[in-house]
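Asker: Residue numbering for the sequence shown follows the working numbering, starting at 1 and increasing by one per position. The beta carbon of each residue, even a glycine, is placed where N, CA and C say it ideally should be. Source: prediction; values computed, not measured.
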Amino acid sequence: MKRNFICFVVIMFVSLSGCVTLPNVQHAPSGDKFQQQASYHYLLSVFLRNDGNLDEAIRELEQAYAADPDSAYLVIELMSLYAQKGDVKSAVAHGEEALARDPDNVDVHLIMGGLYLNMREYSKAVREHKKVIELDPKNLVAHLYLGIIYAEEKRFDRAEETFKKMLKIDPDNIMGVYYYGKVLEKMKRLDEAEKMFKKAMSLNPYFEMALFDLAALYEKQEKLDKAIEIYRNYLAIDPTRLNLRVRTGELLIKKKKYEEAEKEFQEVLKIDPDNRDIKVALGLLYFDMKKFDLAAAEFSSILQKNVLDDKVRYLLATTYDQQKNNVRAVEEFTGIASSSELYVSAQLRAAMILKEEGKVTEAVAVIKKSIKKKNDQVPFYLLLSSFYDETGDNASSEAILQDGLKVLPRSTDLHYALGVLYDKTNRFEESIMSMKKILDIDPKNAEALNFIGYSYAVRDMHLDEAEAMILRALKIKPGNGYLLDSLGWVYFKKNDLKNAEKYLKEAWTLLPDEIEIIEHL
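(1) Classify residue 307 as buried or exposed, calling it buried when 16 or more other Cβ atoms lie within 10 Å of its own Cβ.
(2) Could you give the DSSP three-state label for residue 162: helix, strand or coil?
(3) Can residue 282 and residue 262 be called in contact, C-beta distance under 8 angstroms?
(4) Is residue 205 helix, strand or coil when you go by DSSP?
(5) Pick out whichever of 105, 199, 251 has its Cα sitting closest to the Cα of residue 222.
(6) Considering only residues of the same chain and omitting the five flanking positions on each side of residue 487, which have a CB-CB separation below 6 angstroms?
(7) Any idea what DSSP makes of residue 277, helix, strand or coil?
(8) How is residue 337 classed by DSSP in three states: helix, strand or coil?
(9) Suppose you measure from the CA of residue 21 to the CA of residue 93; what does that come to, to the nearest Å?
(10) Helix, strand or coil: which one does DSSP assign to residue 426?
(11) Should residue 341 be labelled buried (16 or more other beta-carbon atoms within 10 Å of its own) or exposed?
(12) Assign residue 27 to buried or exposed, taking buried as 16 or more other Cβ atoms, counted over all protein chains shown, within 10 Å of its Cβ.
(13) Assign residue 121 to one of three DSSP states: helix, strand, or coil.
(14) Classify residue 322 as helix, strand or coil using the three-state DSSP reduction.
(15) From residue 90 to residue 111, what does the alpha carbon distance come to, in whole angstroms?
(16) Who are the near neighbours of residue 200 in its chain, counting only those whose CB is closer than 6 angstroms to its CB and skipping five residues on each side?
(17) Might you give, ordered along the chain, the residues of its own chain that have their beta carbon closer than 7 angstroms to the beta carbon of residue 383, omitting 5 neighbours on each side?
(18) Could you check what DSSP says for residue 511 in three-state terms: helix, strand or coil?
(19) To which residues of the same chain is residue 25 closer than 6 angstroms at the C-beta, ignoring the five residues directly before and after it?
(20) Please list the segments of the alpha helix (DSSP H) lying wholly inside the region 29 to 71, counting only runs of 4 or more residues, in order along the chain.
(21) When DSSP labels each residue in this structure, what does residue 109 get in the three-state scheme?
(22) Ignoring anything shorter than 4 residues, give me the alpha helix (DSSP H) runs that lie fully in the region 356 to 413, in order along the chain.
(23) Checking 8 angstroms against the spacing of the C-beta atoms, do residue 196 and residue 180 come in under that value?
(24) Alpha carbon to alpha carbon, how far is residue 31 from residue 231?
(25) Take residue 55 as the anchor and find which of 98, 322, 320, 80 has the nearest alpha-carbon.
(26) What whole-angstrom Cβ distance do residue 78 and residue 61 have, given they're in contact under 8 angstroms?
(27) Relative to the C-alpha of residue 149, which residue among 165, 126, 346, 255 is closest?
(28) Can you list, in chain order, the residues of its chain whose CB lies under 7 angstroms from that of residue 313, leaving out five sequence neighbours each side?
(29) Hey, residue 75 and residue 65: beta-carbon distance below 8 angstroms or not?
(30) Between which residues of its own chain and residue 411 is the CB-CB distance below 6 angstroms, once the five residues before and five after are set aside?
(31) Starting from the C-beta of residue 388, find all residues in its chain whose C-beta is less than 6 angstroms away, skip the five residues before and the five after it, and write them out in chain order.
(32) Please classify residue 515 as buried or exposed, where buried requires at least 16 other C-beta atoms within 10 Å of its C-beta.
(33) What is the DSSP secondary structure of residue 304, counted as helix, strand or coil?
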């Protein structure tokens, strides 16, 4: 993940600017070193920068630099200001100009390396940092950046070598220790990575990057108790860190320590009582604990503050469904707006609840209303067709599928459902036509190939074509028990009993509970 190696580089570039001896008010150049005009504009830029007015600060500093173009102090400060503003190209341009006058300026090379790193021009960044190390072999910042670049490029051996050299210079450099740990983790040397993260935390118990990565390492190894211990140790120092308390709760849920997780979430709510995400997490926790009344209460409290929170409404409806409170479940599911990504699923669930209650007419009404709002959803047509099919209303079942195909003519699912309906109502030719339409749309549709092949076999017709179609289907879905059964049945019809037995036995091995396969055997 790129975040692991370069997400802090911009911050580091600014925060480490002191390492390259950038000037400040206390170190303002004296009159005998700078022209009076340069000094005036420089000091004015410092005040503007402290006020957060970067554009004006840059304008003043440009005037100072124009008056004294040989000043290394001014060019470094100017590069830093441009970098803060995000104008990396201007920063680089000034750096190149400065290096043309002074090729061995370590500070400028160092800043140039940082700029190139942020621009992801890694070869140039490597060049600059190597130059810094050549000029100043103990420069820690250059070693750090160089190691980060190698890691970003997945040149982990070079990264390790660089960080080792850095830590020989300063064994307790926290950033070197931390990033070396990151490299070791990428190299799958997890025990060594763990030691580095622990060392970084020993150098600074508040160093969150190391804390999070060590905990993540434990999570990756399924050492959840150790990850929880890390978070709890940190929370003992700073109990207000809500993100750590939340993560602790999540890990406790994984350990099925629901009561402990509940306590962690409740602690968060003491500090932030309206935290929506925590209330959702607590509601889900109660749901997992089968404390549905408490879950419903949490979800309802969120909706009282935001009636448009469709995700929470969906969770509330699901909770009512678990309680068999069908009236409330249907009410909440159907209350989800058609603009929501959960709308389709919600309406389908509402309709199924009504259908399972025997309220088929109401279930049909829900789906019809849903189609009026969103007529491009295949599941609506399929479910409504199935409702009609179950009541024996084949005409309405066909009509709704045809309606769907007017809107979605390339839906293979709708064509397939229509083909199955035609087959069920003894309209064989039309069923085959539906399946062939699927193959026109998707020549690799294994289900359509199997349907045609098996239909031919059942009717003792076009057996060579049936065999070819099912073999095509098996190339698409090798080892599929249903396809093997169809192929075995084709061979049976062709009186090739040896192959028939072979494929039917393979199918039965894969699907031992399928009655039709047993009957074929």
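Answerer: Short version:
(1) Working through the sequence shown from its first residue, we reach residue 307 at position 307. When all chains shown are included, residue 307 counts as exposed.
(2) Start at 1 with the first residue of the sequence shown, and residue 162 comes out as number 162. Note: residue 162 maps to helix in three-state DSSP.
(3) On the sequence shown, position 282 is the one that residue 282 refers to. On the sequence shown, position 262 is the one that residue 262 refers to. Closer than 8 angstroms, so yes.
(4) Locating residue 205 in the sequence shown gives position 205, where the first residue counts as 1. Three-state result, residue 205: coil.
(5) Residue numbering aside, residue 222 sits at position 222 when the sequence shown is read from its first letter. It is 251.
(6) As a first step, residue 487 is located in the sequence shown; it is residue number 487 there, counting from the start. Counting only Cβ-Cβ distances below 6 angstroms, and skipping sequence neighbours, we find 470, 503.
(7) Reading the sequence shown from its first residue, position 277 is the one you call residue 277. Helix.
(8) Indexing the sequence shown from 1 puts residue 337 at position 337. In the structure shown, residue 337 sits in coil (DSSP, three-state: anything other than H, G, I, E or B).
(9) Against the sequence shown, residue 21 aligns to sequence position 21. Against the sequence shown, residue 93 aligns to sequence position 93. Residue placement at residue 21 cannot be trusted, given a pLDDT of 35 that sits under 50; what the coordinates show is reported in the next sentence. Residue 21 and residue 93: Cα-Cα distance of roughly 20 angstroms.
(10) Taking the first residue of the sequence shown as position 1, residue 426 is located at position 426. Residue 426 falls in the coil class under three-state DSSP.
(11) On the sequence shown, position 341 is the one that residue 341 refers to. Residue 341 is exposed by the Cβ-count criterion.
(12) In the sequence shown, counting from the first residue as 1, residue 27 sits at position 27. With a pLDDT of 42 at residue 27, under the threshold of 50, the modelled position of that residue is not reliable, and the figure given next carries that caveat. Exposed is the call here.
(13) As a first step, residue 121 is located in the sequence shown; it is residue number 121 there, counting from the start. Three-state result, residue 121: coil.
(14) Position 322 of the sequence shown, counted from the first residue, corresponds to residue 322. Three-state DSSP puts residue 322 in a helix.
(15) Here residue 90 refers to the residue found at position 90 of the sequence shown. Here residue 111 refers to the residue found at position 111 of the sequence shown. Rounded to whole angstroms, residue 90 to residue 111 spans 13 angstroms at the Cα level.
(16) The count along the sequence shown starts at 1 and reaches residue 200 at position 200. Cβ neighbours of residue 200 beyond the five flanking positions: 174, 177, 178, 207, 210.
(17) Counting from 1 along the sequence shown, the entry for residue 383 is found at position 383. Answer for residue 383: 348, 351, 367, listed in chain order.
(18) Here residue 511 refers to the residue found at position 511 when the sequence shown is read from its first residue. Looking at residue 511 - three-state DSSP - the assignment turns out to be coil, as it is neither helix nor strand.
(19) Position 25 of the sequence shown, counted from the start, is the residue given in the question as residue 25. Low per-residue confidence applies at residue 25: pLDDT is 32, beneath 50, and the placement is therefore not dependable, though the value from the model is reported in the following sentence. Contacts found: 46.
(20) 36 to 50, 54 to 67
(21) The residue you call residue 109 lines up with position 109 of the sequence shown. Looking at residue 109 - three-state DSSP - the assignment turns out to be helix.
(22) 360 to 373, 378 to 390, 394 to 407
(23) Counting from 1 along the sequence shown, the entry for residue 196 is found at position 196. Counting from 1 along the sequence shown, the entry for residue 180 is found at position 180. For residue 196 and residue 180, yes; Cβs fall inside 8 angstroms.
(24) Looking up residue 31 in the sequence shown gives position 31. Looking up residue 231 in the sequence shown gives position 231. Residue confidence for residue 31 is low, a pLDDT of 48 falling below 50, so the modelled location carries little weight and cannot support an answer.
(25) Looking up residue 55 in the sequence shown gives position 55. The shortest Cα separation from residue 55 among 98, 322, 320, 80 belongs to 80.
(26) The residue labelled residue 78 in the question sits at position 78 within the sequence shown. The residue labelled residue 61 in the question sits at position 61 within the sequence shown. With a Cβ gap of about 5 angstroms, residue 78 and residue 61 count as contacting.
(27) Translated into the one-based positions of the sequence shown, residue 149 becomes position 149. Out of 165, 126, 346, 255, 126 has the C-alpha closest to the C-alpha of residue 149.
(28) Along the sequence shown, read from residue 1 onward, the residue named residue 313 stands at position 313. The residues are 303, 332, 335, 336.
(29) By one-based count along the sequence shown, residue 75 stands at place 75. By one-based count along the sequence shown, residue 65 stands at place 65. Yes.
(30) Taking the first residue of the sequence shown as position 1, residue 411 is located at position 411. Hits under 6 angstroms: 378.
(31) Translated into positions along the sequence shown, residue 388 becomes position 388. The answer, listed in chain order, is 396, 397.
(32) The residue labelled residue 515 in the question sits at position 515 within the sequence shown. It is exposed - the Cβ of residue 515 has fewer than 16 other Cβ atoms within 10 Å.
(33) Within the sequence shown, residue 304 is the residue found at index 304, counting from 1. Looking at residue 304 - three-state DSSP - the assignment turns out to be helix.
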